Amino acid sequence: MTEHVLSGTRGAIAVHGWSPPRPRCLALVVHGYGEHAGRYGELADVLTGHGAAVFAPDHMGHGRSAGERVAIEDFEDVVTDLHAVARLARAAHPRLPLVVIGHSMGGLIAARYAQRYGDTLAALVLSGPVIGGWELPGRLLAHEEIPAVPVSPAALSRDPAVGAAYAADELVWHGPMKRPTLEAFVRTLETVTEGGDIGTLPLLWLHGDDDRLVPLPGSRTGVERLSGGAATERIYPGARHEVFHETNRGEVFADVTRFLDSVLTA
């Protein structure tokens, strides 16, 4: 793994990189709320083993990047930062096709990225994406003071080791959500809803059917609107929010690499 530092829209952005000797494509991995890109080392290993050079930023206010913890006032800035990471990837490996893989909040960022820069992409992968109907921000904003309800580690995966590692990770935010970030979620959900579909760009949607953080039905409406009803979907029985860290992650990884093969062959 290599590490890079970019000048982002609101401060320094830490970027993790993994690369095989002769990559055949580029993959941007876009992490979720409160976590960081370092949690996706296993996914990166699978992707590099399949020929992808992987670049994964810590978003502003997350991980090793600058900014007040988990404070995002405008997700358009995060999308712009992600585009800077794409330029970094293309400078290192020119002319390779680019795939964006976004999880949870990262799915919202990736969806908006595809709306803004879809003509530069070969494919989009969304895992438990925060798009469509997600009620949590509205419920929390209704309170005068945001309730201090952190993410439950048990909601992430059926693998208890995943929850234990998450709870012990000092780079993960374990405090309450912040009002400006919740307000930015609401605005960006509306922006993606109104932003139109992504045309013929291939889209793979992954979701656990026991996802209690980002319930499947709400995401479905967003995915169908974004893809124009043409997404490839994989719904995993019993799986919780983080399918890349689930007990059946071997199946999930195989679905991703199979999808990438179909896109790259086409």
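Going by full-length UniProt numbering, the residue at position 75 of the sequence shown is 75; the numbering climbs one at a time, nothing skipped. Where is the CB? At the ideal position from N, CA and C, for every residue including glycine. Remember, it's a predicted structure, so these values are computed and weren't measured experimentally.
Legend entry - Residues near I146 in its chain [Cβ-Cβ closer than 8 Å; skip 5 each side]: Taking the first residue of the sequence shown as 1, we reach residue 146 at position 146. L140, P176, M177, K178, R179 and L182, listed in sequence order.
Inset, instruction - Taking all protein chains shown into account, decide if M60 is buried (16 or more other Cβ within 10 angstroms of its Cβ) or exposed. - result: Here residue 60 refers to the residue found at position 60 when the sequence shown is read from its first residue. The residue in question, M60, is buried, as its Cβ has 16 or more Cβ neighbours within 10 Å.
Legend entry - Three-state class that DSSP yields for I235 in the structure shown: As a first step, residue 235 must be located in the sequence shown, where it is residue number 235. The answer is strand: DSSP assigns I235 an E or B state.
Inset, instruction - Note down the Cα distance separating residue 293 from G218, rounded to an integer number of angstroms. - result: In the structure as shown, the chain begins at 1 and stops at 266. Residue 293 is therefore absent and cannot be evaluated.
Inset, instruction - Assuming E35 contacts V125 (C-beta within less than 8 Å), just tell me the rounded distance between them. - result: Residue numbering aside, residue 35 sits at position 35 when the sequence shown is read from its first letter. Residue numbering aside, residue 125 sits at position 125 when the sequence shown is read from its first letter. About 17 Å separates the beta carbons of E35 and V125, which is beyond the 8 Å limit, so they are not a contact pair.
Legend entry - CB of P137 within 7 Å of CB of V99, strictly: Here residue 137 refers to the residue found at position 137 when the sequence shown is read from its first residue. Here residue 99 refers to the residue found at position 99 when the sequence shown is read from its first residue. With respect to the 7 Å criterion, P137 and V99 are not classified as neighbours on the basis of their beta carbons.
Legend entry - Neighbourhood of L47 by C-beta distance below 6 Å, restricted to the same chain and skipping five residues each side: If you number the sequence shown from 1, residue 47 lands on position 47. So the qualifying residues of the chain are A27 and V54.
Legend entry - DSSP-derived helix/strand/coil call for H16: Taking the sequence shown and counting its residues from 1, the one referred to as residue 16 is at position 16. Three-state result, H16: strand.
Inset, instruction - Classify I198 as helix, strand or coil using the three-state DSSP reduction. - result: For the purposes of this step, residue 198 is identified with residue 198 of the sequence shown, where counting begins at 1. If DSSP states are grouped into helix, strand and coil, I198 belongs with coil.
Legend entry - Residue range of the beta strand (DSSP E) that includes I101: For the purposes of this step, residue 101 is identified with residue 101 of the sequence shown, where counting begins at 1. For I101, the uninterrupted beta strand (DSSP E) segment begins and ends at L98 to H103.
Legend entry - Where A111 sits in the DSSP three-state scheme: Translated into positions along the sequence shown, residue 111 becomes position 111. In the structure shown, A111 sits in a helix (DSSP, three-state: H, G or I).
Legend entry - For P23, three-class secondary structure by DSSP: Residue mapping note: residue 23 aligns to position 23 of the sequence shown, counting from 1. Reduced to three states, the DSSP call for P23 is coil.
Legend entry - Proximity to P20 [Cα-Cα], best of T9, I13 and G51: Reading the sequence shown from its first residue, position 20 is the one you call residue 20. Residue G51 holds the alpha-carbon nearest to the alpha-carbon of P20 among T9, I13 and G51.
Inset, instruction - State buried or exposed for P202, treating a residue as buried only when at least 16 other CB atoms are found within 10 Å of its CB. - result: Within the sequence shown, residue 202 is the residue found at index 202, counting from 1. The residue is buried, with at least 16 neighbouring Cβ atoms inside 10 Å.
Legend entry - Beta-carbon proximity check, A155 vs H241, cutoff 7 Å: One-based indexing of the sequence shown puts residue 155 at position 155. One-based indexing of the sequence shown puts residue 241 at position 241. Their beta carbons are under 7 Å apart, which means A155 touches H241 by this criterion.
Inset, instruction - Using the Cα positions of V162 and R39, report the straight-line distance between them to the nearest angstrom. - result: As a position in the sequence shown, residue 162 is number 162, starting the count at 1. As a position in the sequence shown, residue 39 is number 39, starting the count at 1. Going by C-alpha positions, V162 is about 10 Å away from R39.
Inset, instruction - Determine the direct distance from the alpha carbon of D211 to that of A254, and round the result to whole angstroms. - result: Position 254 of the sequence shown, counted from the first residue, corresponds to residue 254. Position 211 of the sequence shown, counted from the first residue, corresponds to residue 211. Near 20 Å, if we compare the C-alpha coordinates of D211 and A254.
Inset, instruction - Could you check if G11 is buried or exposed, using at least 16 other CB atoms within 10 Å of its CB as the buried criterion? - result: Taking the sequence shown and counting its residues from 1, the one referred to as residue 11 is at position 11. Label assigned to G11: exposed.
Inset, instruction - Provide the residue span of the alpha helix (DSSP H) that contains L226, from first to last. - result: As a working mapping, residue 226 is identified with position 226 in the sequence shown. Counting along the chain, the alpha helix (DSSP H) containing L226 begins and ends at L216 to S227.
Inset, instruction - Check whether the segment 220-235 touches the segment 2-18, taking contact to mean three or more Cβ pairs, one atom from each stretch, closer than 8 Å. - result: In this structure the segment 220-235 does not touch the segment 2-18; the number of beta carbon pairs closer than 8 Å is below three.
Legend entry - CA-to-CA distance, R95 to V130, given in whole angstroms: On the sequence shown, residue 130 is found 130 positions in, with the first residue counted as 1. On the sequence shown, residue 95 is found 95 positions in, with the first residue counted as 1. When rounded, the distance between both Cα atoms is 31 Å.
Inset, instruction - Sort out for me which residues DSSP pairs E183 with in a bridge. - result: Here residue 183 corresponds to residue number 183 of the sequence shown, with the count starting at 1. Its beta-bridge partners do not exist; DSSP assigns none.
Inset, instruction - Could you tell me if E246 is buried or exposed, where buried requires 16 or more neighbouring beta carbons within 10 angstroms of its beta carbon? - result: Position 246 of the sequence shown holds residue 246. Buried: at least 16 other Cβ atoms inside 10 Å.
Inset, instruction - Pull up the distance between the alpha-carbon of A148 and that of A142, whole angstroms please. - result: Start at 1 with the first residue of the sequence shown, and residue 148 comes out as number 148. Start at 1 with the first residue of the sequence shown, and residue 142 comes out as number 142. One Cα belongs to A148, the other to A142, and the distance between them is close to 14 Å.
Inset, instruction - Kindly indicate which three-state DSSP category residue 271 falls into: helix, strand or coil? - result: With the chain covering 1 to 266 only, the question about residue 271 has no answer from this structure.
Legend entry - Residue environment, V5, which counts as buried when at least 16 other CB atoms sit within 10 Å: What you label residue 5 is simply residue 5 of the sequence shown in a count that begins at 1. Exposed, by the Cβ-count rule.
Legend entry - Range of the contiguous alpha helix (DSSP H) that encloses A164: Counting from one through the sequence shown, the residue named residue 164 turns up at place 164. Counting along the chain, the alpha helix (DSSP H) containing A164 begins and ends at P160 to A168.
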